[in-house]
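S.K.: Dropping a structure here in structure tokens format, bear with me for questions.
Laid out in structure tokens, this is it:
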């Protein structure tokens, strides 16, 4: 027996393409705008969300039959907040340097609408294993977009990737800058992310017209 | 879904149980981990103070910030920091645990008009004397803080900045070396006036060659964090001015 049935595999692969959380479900846009000025931050955020969404989906799925429907959103919020605080505290005690890097992401994770969105749409109605796969799949789909946006914003905005200069030195005018090229300061500010995400949405929908919404 | 989960009594009981369970998990975890966390925070403060006076493991490149490793920091701190002073009104006393003073609380006490303590650390490296002063201020989203090391001509010998929640890739870059290194060699004096150092947008000195203009180049896309850094430095300078006057070489 295969580890993952075909249906289970789809839980992972769908969010990467035709059911991407950012470009199709339009969840998690806020953090996609906020932290994609650098590739490194995008990557850290993607990994953190993967952890929280995977674990959170399992917890919510296990509790799905006992959660009172009237207060389910509050319960979901408490689960995310608790998970994030536990991780934060454990890191602070045993991996302090790492916790410093992640500290700024904590608030962004708790308020990330992908997490609440997947709890509400999937974990409340499915078993733990499938919920876990859904969590991993969606956070991968989210991460891919974050990394694409981060790549273009850092490259065009700062001329670096992961903080390493790849286009030469903008102040000493070496490399590409010797030809008169300049970094585009606009790429550093959040509205640029909206444009990059918009272009990704456009490309994706023109390749697969079935995704285009009617209105 | 079963109808029992819809009843009001169930909802209230569930909420109460959940609060108790989650509360106790977090309380237990926090008290269990707090000695470790406190220790880490103490090491971090020592690392930051040493970093500001140039005791760190930075390479020659302008890449990453490398502190003295935590297993060595206690000894290094003891050997480089010769004196720790606490300024309280006109009184200056020595206190070997001055570095544990939380500047945030002291500033809050000052605002309420209560007594407050200001720590100063005197470090010595290769025969040079450094006066290291802590700073605390506001960024865009949350607190920013740091340390500034001065010599007796009021020239900055090094700084360290940190923040709680500035935007990654933008304001968070105040703790990058390319930003912090720019402060080195700048003077906080303008003539004989204490001016601080401002983080300047549209600076016509991006290479930071002019060291007496009280300006360093700003971070693109992080105007408010940069303004926060400027304000933090000028507040600190104002606060410590009486002490700095006593050590300034004239």
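Residue numbers (this note's numbering), protein chains in the order written: chain A, 1115 to 1329; chain B, 11 to 260.
Quick reminder that beta carbons are idealized off the backbone N, C-alpha and C, glycines included.
What you are looking at is a predicted structure, and each value in this text was computed from that prediction instead of being measured.
#1: Using a C-beta cutoff of 9 Å, does residue 1287 of chain A count as contacting chain B?
#2: Residue 1150 of chain A CB to nearest chain B CB: under 9 Å?
#3: Just to confirm the assignment, what range does the beta strand (DSSP E) spanning residue 168 of chain B have?
#4: Leaving aside the five residues before and after residue 1331 of chain A along the sequence, list all residues of the same chain whose C-beta is less than 6 Å from its C-beta, in chain order.
#5: Report yes or no: is there a C-beta of chain B within less than 9 Å of the C-beta of residue 1295 of chain A?
#6: Where does residue 1326 of chain A sit, in a helix, a strand or coil, going by DSSP?
#7: Can you tell me where the beta strand (DSSP E) with residue 211 of chain B in it begins and where it stops?
#8: If I'm right that residue 224 of chain B touches residue 205 of chain B with Cβ under 8 Å, what's the distance once you round it to whole angstroms?
#9: Could you tell me the alpha carbon to alpha carbon distance between residue 11 of chain B and residue 1238 of chain A, rounded to whole angstroms?
#10: Should residue 1196 of chain A be flagged as near chain B, meaning a C-beta pair shorter than 9 Å?
#11: Report the partner residues of residue 134 of chain B according to the DSSP bridge assignment.
#12: Per DSSP, residue 1279 of chain A is paired with what?
#13: Thinking residue 175 of chain B and residue 161 of chain B are a contact (beta carbons under 8 Å), I'd like their distance in whole angstroms, please.
#14: Let's see if you can read the secondary structure: which residues bound the beta strand (DSSP E) around residue 1303 of chain A?
#15: My output table needs one value for residue 1182 of chain A: the three-state DSSP class, helix, strand or coil.
#16: If we cut at 9 Å on Cβ distances, does residue 160 of chain B have a partner in chain A?
#17: Count the other CB atoms, across all protein chains shown, that sit within 10 Å of the CB of residue 1139 of chain A; report buried if there are 16 or more and exposed otherwise.
#18: What do you reckon, are the CB atoms on residue 166 of chain B and residue 250 of chain B nearer than 9 Å?
#19: Could you give the distance in angstroms between the alpha-carbon of residue 1270 of chain A and the alpha-carbon of residue 1158 of chain A?
#20: Residue 16 of chain B touches chain A at which residues, Cβ-Cβ below 9 Å?
#21: Can you list, in chain order, the residues of its chain with a C-beta nearer than 6 Å to that of residue 7 of chain B? Leave out the 5 residues immediately preceding and following it.
#22: Near residue 1266 of chain A, what residues of its chain come up, given a Cβ to Cβ distance below 8 Å and the 5 sequence neighbours on each side ignored?
#23: Please report the straight-line C-alpha distance between residue 168 of chain B and residue 196 of chain B, rounded to a whole angstrom.
#24: Since I believe residue 119 of chain B is in contact with residue 125 of chain B (beta carbons under 8 Å), could you give me their beta-carbon distance rounded to a whole number of angstroms?
#25: State the Cα-Cα distance for the pair residue 97 of chain B and residue 47 of chain B, rounded to the nearest angstrom.
#26: How about residue 1232 of chain A and residue 1171 of chain A: are their beta carbons less than 9 Å apart?
#27: Run through the DSSP bridge pairs and tell me what residue 101 of chain B is partnered with.
#28: Please identify the residue among B/235, B/247 and B/133 whose C-alpha is closest to the C-alpha of residue 62 of chain B.
#29: Compare the C-alpha of residue 260 of chain B against each of B/35, B/91, B/163 and B/192 and name the closest.
#30: Looking at the unbroken alpha helix (DSSP H) that takes in residue 75 of chain B, where does it start and where does it end?
#31: How many angstroms separate the CA atom of residue 101 of chain B from the CA atom of residue 248 of chain B?
#32: Compare the beta carbon distance of residue 111 of chain B and residue 122 of chain B with 9 Å and say whether it is the shorter of the two.
#33: Just list the residues that DSSP pairs residue 156 of chain B with in beta bridges.
#34: Distance, Cα to Cα, residue 21 of chain B vs residue 1184 of chain A?
#35: For residue 88 of chain B, count the other beta carbons within 10 Å of its own beta carbon; 16 or more makes it buried, fewer makes it exposed. Which is it?
#36: Closest by CA to residue 1208 of chain A, which one among B/39, B/50, B/94 and B/56?
M.R.: This is what the structure holds:
#1: no
#2: yes
#3: 166-173
#4: There is simply no residue 1331 of chain A to check, as chain A begins at 1115 and stops at 1329 in what is shown.
#5: no
#6: coil
#7: Counting along the chain, residue 211 of chain B falls outside any beta strand (DSSP E), and DSSP gives it neither H nor E.
#8: 5 Å
#9: Residue confidence is low: residue 11 of chain B scores 47 on pLDDT, short of 50, so the model does not pin down where it sits. Its coordinate-derived value is still stated next. Near 11 Å, if we compare the C-alpha coordinates of residue 1238 of chain A and residue 11 of chain B.
#10: yes
#11: B/139
#12: A/1274
#13: Incorrect: roughly 33 Å between the Cβ atoms, too far for contact.
#14: It is not in any beta strand (DSSP E) - residue 1303 of chain A carries neither H nor E in the DSSP assignment.
#15: coil
#16: no
#17: buried
#18: no
#19: 20 Å
#20: 1182, 1183 and 1184
#21: Beyond the ends of chain B as shown, which are 11 and 260, falls residue 7 of chain B; an answer cannot be given.
#22: 1301 and 1310
#23: 9 Å
#24: 7 Å
#25: 28 Å
#26: yes
#27: B/98
#28: B/133
#29: B/163
#30: No alpha helix (DSSP H) contains residue 75 of chain B, which DSSP labels as neither H nor E.
#31: 18 Å
#32: no
#33: B/145 and B/171
#34: 7 Å
#35: exposed
#36: B/50
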